[in-house]
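*Asks:*
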Amino acid sequence: SQQGEEDPQALSIQEGENATMNCSYKTSINNLQWYRQNSGRGLVHLILIRSNEREKHSGRLRVTLDTSKKSSSLLITASRAADTASYFCATALISSGSARQLTFGSGTQLTVLP
Amino acid sequence: DAGVIQSPRHEVTEMGQEVTLRCKPISGHDYLFWYRQTMMRGLELLIYFNNNVPIDDSGMPEDRFSAKMPNASFSTLKIQPSEPRDSAVYFCASRPSNSPLHFGNGTRLTVT
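Here the protein sequences line up with chains A and B, keeping their order. Using the numbering used here, the first residue of the first sequence is number 3, and each one after it goes up by one. Using the numbering used here, the first residue of the second sequence is number 9, and each one after it goes up by one.
Below, the structure written as structure tokens:
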């Protein structure tokens with residue numbers, strides 16, 4: 003089963019508005035990452051937040067992490083048509099192996115209307 | 009930096025045929041991952057390598073699937089024999105230690 007689940011599954015907004023996507027997960031994590039996927043392309047890393055961090059910014063992106071609620075949110079401010087894509091959260095589990103694997107959620111499809 | 013390169017971009021084959029997907033990771037990345045993406049299951053990790061050695065293949069669905077990494081610059085994912093339910097987009101990704109993933113643009117496989 004997937005570790006992360008995004009909410010909503012789909013979001014449609016007007017250009018210039020803010021978009022907020024949420025991610026919930028089930029087990030303890032080392033870090034949580036957000037990726038974007040444009041249609042027909044591979045995923046692109048956006049931002050990483052570690053388990054001991056509560057908020058992180060990168061340009062128009064703001065990510066929060068609440069480990070007590072096992073949830074994260076991604077805020078895109080002043081959205082643009084080019085932000086239209088699917089957004090995935092991915093959790094890096096604290097595993098006994100030598101590498102931490104990423105488990106991806108089901109994604110939020112964001113459509114920004116011009 | 010050319011990024012992770014996958015070939016072919018599209019593959020259409022008949023059930024029962026052998027399919028080989030190829031991946032060239034980013035130079036210097038010591039981890040390589042194969043993922044499969046479908047509408048029903050989302051993005052699933054199939055197998056990953058560290059320094060060319062397979063570490064975890066628990067996500068490989070069946071013995072029909074096999075993956076190799078003969079050197080640091082090349083990996084293959086083979087399906088033999090292929091079945092219609094294998095139809096999906098297969099992604100290769102690589103990364104250095106403790107860094108985010110870099111994905112290729114995927115191979116869209118259709119098995120008829």
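Using N, Cα and C, we set each Cβ at its ideal position, and we do this for glycine too.
1) Alpha carbons only, please: which of A:87, A:103 and A:95 is nearest the one belonging to residue 11 of chain A?
2) Is residue 111 of chain B near residue 101 of chain B, with beta carbons less than 7 Å apart?
3) Mind checking whether residue 43 of chain B and residue 99 of chain B have CB atoms under 7 Å apart?
4) By Cβ distance, which residues of its chain are closer than 8 Å to residue 7 of chain A, with the 5 residues on each side in sequence left out?
5) Rounding to the nearest angstrom, what Cα-Cα distance links residue 57 of chain B and residue 103 of chain A in this structure?
6) Inspect the beta-carbon positions of residue 28 of chain B and residue 76 of chain B and report whether they are closer than 7 Å.
7) What is the DSSP secondary structure of residue 115 of chain A, reduced to helix, strand or coil?
8) Tell me which residues of the stretch 79 to 98 of chain A have at least one Cβ-Cβ distance to chain B shorter than 9 Å, keeping chain order.
9) Going straight from the alpha carbon of residue 113 of chain A to that of residue 55 of chain A, what length do you get?
10) Just checking, does the stretch 53 to 73 of chain A make contact with the stretch 15 to 31 of chain B on the three C-beta pairs under 8 Å criterion?
11) Roughly how many whole angstroms lie between the Cα atoms of residue 90 of chain B and residue 61 of chain A?
12) Whose C-alpha, out of A:18, A:22, A:85 and A:58, is nearest the C-alpha of residue 49 of chain A?
13) Determine, for residue 7 of chain B, whether the minimum Cβ-Cβ distance to residues of chain A falls below 7 Å.
*Replies:* With the given structure in hand:
1) Nearest option by C-alpha distance: A:87.
2) Yes. Within cutoff.
3) The Cβ-Cβ distance between residue 43 of chain B and residue 99 of chain B falls below 7 Å.
4) Here the set comprises 25, 26, 27, 107 and 108.
5) In a straight line, the C-alpha of residue 57 of chain B is about 11 Å away from that of residue 103 of chain A.
6) Result no, Cβ atoms of residue 28 of chain B and residue 76 of chain B do not sit closer than 7 Å.
7) Three-state result, residue 115 of chain A: strand.
8) So the close ones are 90 and 92.
9) Taken atom to atom, the span from the alpha-carbon of residue 113 of chain A to that of residue 55 of chain A is near 29 Å.
10) Pairwise C-beta distances place the stretch 53 to 73 of chain A out of contact with the stretch 15 to 31 of chain B, as fewer than three of them are shorter than 8 Å.
11) If you take the alpha carbons of residue 90 of chain B and residue 61 of chain A, they lie about 44 Å apart.
12) For residue 49 of chain A, the nearest C-alpha among the options comes from A:58.
13) In the structure as shown, chain B begins at 9 and stops at 120. Residue 7 of chain B is therefore absent and cannot be evaluated.
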